[in-house]
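**Q** Protein chains in written order, with the working numbering: chain A, 1 to 269; chain B, 1001 to 1269.
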DNA sequence: GACAAGAACACGGA
DNA sequence: CTCCGTGTTCTTGT
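Printed below as a string of C-alpha cells:
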C-alpha cells in the first residue's frame, strides 16, 4: 500500500538521518525477498558509507560509496523505520542495517516485497523499466504519454512501466477529482480531461506529501502522516454519498483491483 | 515471417529507388491495418517527397520531407514490391503509393500487418518501444541485456522490446549454431554460451543479408533471396539428422511457436 | 476463502 | 511471436 508520497517522505527522512554513516551489521530474517544469497549482503555492505537515498516510484534506493546500491520495495505493505542507538528491532523485522554509531533501520514486510542488492552499474529490470516520475512531468509530456495508447486509463496509470508510483489508494481520489471513470478508454479522453487528470495527479500526490503522506502508513520515524479521510472524497466510502452530487458511491471492480466511484460524476460513457 | 534481414534488404532497395520521388496517389484496400482514417493518408501524402527509408527490426520506416512518416510491418507474411512505370498492382494489393513519375510500390499482407501514418514527432508505441538492433550491439552490450533477466532465452530473443528483428525463422539456426536449447533459463547461461549466442546472431543475420535474405520471401524487386536450405542446419528438417552428431532432429513446442532442435547438441540441462 | 502487487504466461481481437 | 491489452495464476500471511 505505500505509494509515491510515502516513499518521498521516507527517502527525505532517511537522507536527513543516515547520510555518511558507515554500515556495521546486516541482519536478514527473510531470504526469499533477496535477489542474491544473504552472505553477499554480509560481504558487500559492512564498511561502506551511505551516499544518498532517493525514491523511485514505490521503491527506496540507497546508494553507498564504493558502488553498491540497496533497492527496497515494500510490496503490499510494510515499513522502513529508524532504529535508535542500541534499540532492538521488533520481532516482525525482515531485514535490518546497523551503522557504526549504533543507530540503524529495520524493514518489515507484510507480504511480497523486495530488498535487492546491486552494483550501481548493474541491470535491475524491476527499476530500470519504471516509467517517468509523475511529479516531474509537465502537462504536455503527460499528454504525450497517453498519445496513441490503448486500454483503460486506470490500468495505464497503475502500470509502473508507464508512470511510476501511483497505486490503488491515490488513483481513486485522482480519478474522482478529475471526474473520469476508471474504465474509460485512453483514446476517448478529451484534451480537457487529460489536463484535469494531470492536474489532479499533481494535486493529490503533492497534497499528501505536504501532509507527511498517508495516515494509514508509518514514516521513517514510525509516525503516521496526515493524509486521511478528510482528504479522501469517495475512497472506502461504500454506500456513502458523493460530495458533489449526493449520488450513492459504488464499489466496482477494475481488473484485479476494487475501486469506489461516483456513478454520476464519473460516467463511463 | 519477414524478419530483420529481409527488412534490411528491402529498405536498402527502396533507398536506391525511391528517394526524392514525390507522392501522387495513395490506394487503400484494407483500412483495418491503418492507424487513422484512410482519408488522412490521402490528405497528407500526395505532394510530399520521400526523404529516407530505414528498417527498424521487422518494420520499414519511410520518412517524407515535411514531417510525415509511414511505418509498415508485414506481420505474419507479406511483400513490399516496386511498381514499374504504369504497371498495375496485383489484386492482392492492400496498399499502394504511386509517385509523379508513375512508378510506385504496393504492399500485400497475408494476415495481420500494419501500415501506419504518423508525424515524425508523434508517439508510436509499437516502434518507440523496440529493443536495440542486434547488429549494432557489441558482445558486452548484448551480455548486459541478459544480465538479471529471467525466463527462457528463446522468449527473450523473440521479444521485440528486448532486441528487435529476430523471429521464429532465424532463431532456430541461431540457437542451434550456438548449441543452446530454446528453453534454457537466461540465468543459467555461461559467459561462453552468451558469447556464442552473440556471435551466432551476428553470423546468421549477416549471412542472410549478404545473400540477399531468405529464399522464402520476395525482396523489393520481387526476387527471392539466396538464404535457404543450404544455410539452414536443422530448421524444417523433422526426422532428418543433426549435421554435427547425427542425432535425429526433433520438433518441439516453445511457447506458441514450434522449433526444430538437435536433442543432443542443444541439451536443455 | 479473500485479498493485494507484480511477473509470467495464456488468451482473444485486430 | 505479430503485437496489443487483458485475464489468470502464482507467490504469502492474516
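Glycine included, C-beta positions come from ideal geometry on N, C-alpha and C.
Closer than 7 Å, Cβ to Cβ, to anything on chain B: give me those residues from the stretch 121 to 135 of chain A, in chain order.
**A** 122, 123, 124 and 125
**Q** Could you work out which residue in A:59, A:42, A:16 and A:142 is closest to residue 5 (chain A) when comparing CA atoms only?
**A** Counted from its first residue, the first chain places residue 5 (chain A) at position 5. Selected option, being the one with the closest Cα: A:59.
**Q** Counting only runs that start and end within the stretch 34 to 114 of chain A, where is the alpha helix (DSSP H) found for 4 or more residues in a row?
**A** 38 to 44
**Q** Considering just the uninterrupted stretch of the alpha helix (DSSP H) at residue 201 (chain A), what are its terminal residues?
**A** Numbered from its first residue, the first chain carries residue 201 (chain A) at position 201. 191 to 210 is the span of the alpha helix (DSSP H), which, as asked, contains residue 201 (chain A).
**Q** For the beta strand (DSSP E) containing residue 8 (chain A), name the first residue and the last one.
**A** On the first chain, residue 8 (chain A) is found 8 positions in, with the first residue counted as 1. Annotation: residue 8 (chain A) is outside any beta strand (DSSP E); the continuous alpha helix (DSSP H) that includes it extends over 4 to 18.
**Q** Which residues does DSSP list as the beta-bridge partners of residue 1122 (chain B)?
**A** Here the question's residue 1122 (chain B) lines up with position 122 in the second chain. BP columns for residue 1122 (chain B) are empty, so no partner.
**Q** Would you call residue 73 (chain A) buried or exposed, if buried means 16 or more other Cβ atoms sit within 10 Å of its Cβ?
**A** Locating residue 73 (chain A) in the first chain gives position 73, where the first residue counts as 1. Result: buried.
**Q** Assess contact between the stretch 1206 to 1218 of chain B and the stretch 1004 to 1018 of chain B, defined as three or more Cβ pairs (one per stretch) separated by less than 8 Å. Is contact present?
**A** Contact holds: three or more Cβ-Cβ distances are below 8 Å.
**Q** If I measure Cβ to Cβ from residue 1104 (chain B) and keep anything under 7 Å in the same chain, skipping five residues before and after, which residues do I get?
**A** Position 104 of the second chain, counting from 1, holds the residue named residue 1104 (chain B). Only 1083, 1096, 1097 and 1098 meet the Cβ criterion.
**Q** Please classify residue 178 (chain A) as buried or exposed, where buried requires at least 16 other C-beta atoms within 10 Å of its C-beta.
**A** The count along the first chain starts at 1 and reaches residue 178 (chain A) at position 178. Buried, by the Cβ-count rule.
**Q** Where residue 1022 (chain B) and residue 1102 (chain B) are concerned, what is the direct C-alpha to C-alpha distance, given to the nearest angstrom?
**A** Within the second chain, numbered from 1, the residue matching residue 1022 (chain B) stands at position 22. Within the second chain, numbered from 1, the residue matching residue 1102 (chain B) stands at position 102. Straight-line Cα distance between these residues: approximately 10 Å.
**Q** So, using beta-carbon positions, are residue 1164 (chain B) and residue 1131 (chain B) closer together than 8 Å?
**A** Residue mapping note: residue 1164 (chain B) aligns to position 164 of the second chain, counting from 1. Residue mapping note: residue 1131 (chain B) aligns to position 131 of the second chain, counting from 1. Yes, they are a contact pair.
**Q** Any idea which residues DSSP pairs residue 1216 (chain B) with across the strands?
**A** In the second chain, counting from the first residue as 1, residue 1216 (chain B) sits at position 216. DSSP output for residue 1216 (chain B) lists no bridge partner at all.
**Q** Which residues, in chain order, does the stretch 1142 to 1162 of chain B contribute to contact with chain A at a C-beta distance below 9 Å?
**A** 1144, 1145, 1146, 1147, 1148, 1149 and 1150
**Q** Just to confirm, is the Cβ distance from residue 149 (chain A) to residue 201 (chain A) under 8 Å?
**A** As a first step, residue 149 (chain A) must be located in the first chain, where it is residue number 149. As a first step, residue 201 (chain A) must be located in the first chain, where it is residue number 201. No, the pair does not count as a contact, with Cβ atoms beyond the cut-off.
**Q** For residue 1065 (chain B), count neighbouring Cβ atoms within 10 angstroms of its own Cβ and tell me buried if that reaches 16, exposed if not.
**A** As a first step, residue 1065 (chain B) is located in the second chain; it is residue number 65 there, counting from the start. Flag for residue 1065 (chain B) reads exposed.
**Q** Can you check which of these residues, B:1049, B:1151, B:1229 and B:1050, is closest to residue 1243 (chain B) by C-alpha distance?
**A** By 1-based counting over the second chain, the position of residue 1243 (chain B) is 243. Of B:1049, B:1151, B:1229 and B:1050, the residue nearest in Cα terms is B:1229.
**Q** What number of angstroms, rounded off, separates the C-alpha of residue 251 (chain A) from the C-alpha of residue 1090 (chain B)?
**A** Counting from 1 along the first chain, the entry for residue 251 (chain A) is found at position 251. Counting from 1 along the second chain, the entry for residue 1090 (chain B) is found at position 90. If you take the alpha carbons of residue 251 (chain A) and residue 1090 (chain B), they lie about 56 Å apart.
**Q** Output yes or no for whether 8 Å exceeds the beta carbon distance between residue 1262 (chain B) and residue 1198 (chain B).
**A** By one-based count along the second chain, residue 1262 (chain B) stands at place 262. By one-based count along the second chain, residue 1198 (chain B) stands at place 198. Contact: no.
**Q** From which residue to which residue does the alpha helix (DSSP H) around residue 1250 (chain B) run?
**A** Working through the second chain from its first residue, we reach residue 1250 (chain B) at position 250. Premise fails: residue 1250 (chain B) lies in the beta strand (DSSP E), 1250 to 1254, not in any alpha helix (DSSP H).
**Q** If you measure between the beta carbons of residue 1174 (chain B) and residue 1003 (chain B), is that distance less than 8 Å?
**A** Here residue 1174 (chain B) is taken as the residue at index 174 of the second chain, counted from 1. Here residue 1003 (chain B) is taken as the residue at index 3 of the second chain, counted from 1. For residue 1174 (chain B) and residue 1003 (chain B), no; Cβs fall outside 8 Å.
**Q** Taking 6 Å as the limit between beta carbons, can you name the residues of its chain near residue 44 (chain A), skipping five residues before and five after?
**A** Translated into the one-based positions of the first chain, residue 44 (chain A) becomes position 44. Counting only Cβ-Cβ distances below 6 Å, and skipping sequence neighbours, we find 68.
**Q** Smallest Cα separation from residue 1158 (chain B): which of B:1017, B:1214, B:1046 and B:1254?
**A** Here the question's residue 1158 (chain B) lines up with position 158 in the second chain. For the residues B:1017, B:1214, B:1046 and B:1254, the minimum Cα distance to residue 1158 (chain B) belongs to B:1254.
**Q** So for residue 137 (chain A), helix, strand or coil by DSSP?
**A** Within the first chain, numbered from 1, the residue matching residue 137 (chain A) stands at position 137. Looking at residue 137 (chain A) - three-state DSSP - the assignment turns out to be coil, as it is neither helix nor strand.
**Q** Output yes or no for whether 8 Å exceeds the beta carbon distance between residue 1126 (chain B) and residue 1055 (chain B).
**A** By 1-based counting over the second chain, the position of residue 1126 (chain B) is 126. By 1-based counting over the second chain, the position of residue 1055 (chain B) is 55. No. Outside cutoff.
**Q** Would you kindly check if the distance between the Cβ of residue 80 (chain A) and the Cβ of residue 107 (chain A) is under 8 Å?
**A** As a first step, residue 107 (chain A) is located in the first chain; it is residue number 107 there, counting from the start. As a first step, residue 80 (chain A) is located in the first chain; it is residue number 80 there, counting from the start. Yes, the Cβ-Cβ distance between residue 107 (chain A) and residue 80 (chain A) is below 8 Å.
**Q** According to DSSP, is residue 260 (chain A) helix, strand or coil?
**A** What you label residue 260 (chain A) is simply residue 260 of the first chain in a count that begins at 1. Residue state for residue 260 (chain A) is assigned as strand, using DSSP reduced to three classes.
**Q** Quick one: grab the DSSP three-state call for residue 1267 (chain B).
**A** Within the second chain, the letter at position 267 stands for residue 1267 (chain B). Residue 1267 (chain B): coil per DSSP, three-state reduction.
**Q** If I follow the unbroken beta strand (DSSP E) through residue 1027 (chain B), where does it start and stop?
**A** Within the second chain, residue 1027 (chain B) is the residue found at index 27, counting from 1. Run containing residue 1027 (chain B): 1023 to 1028, per the beta strand (DSSP E) assignment.
**Q** Give the range of the alpha helix (DSSP H) segment to which residue 153 (chain A) is assigned.
**A** The residue given as residue 153 (chain A) occupies position 153 in the first chain. Residue 153 (chain A) -> alpha helix (DSSP H) spans 153 to 158.
**Q** Between A:135, A:39 and A:136, which lies nearest to residue 117 (chain A) when the distance is taken from Cα to Cα?
**A** On the first chain, position 117 is the one that residue 117 (chain A) refers to. With distances taken between Cα atoms, residue 117 (chain A) lies closest to A:39.
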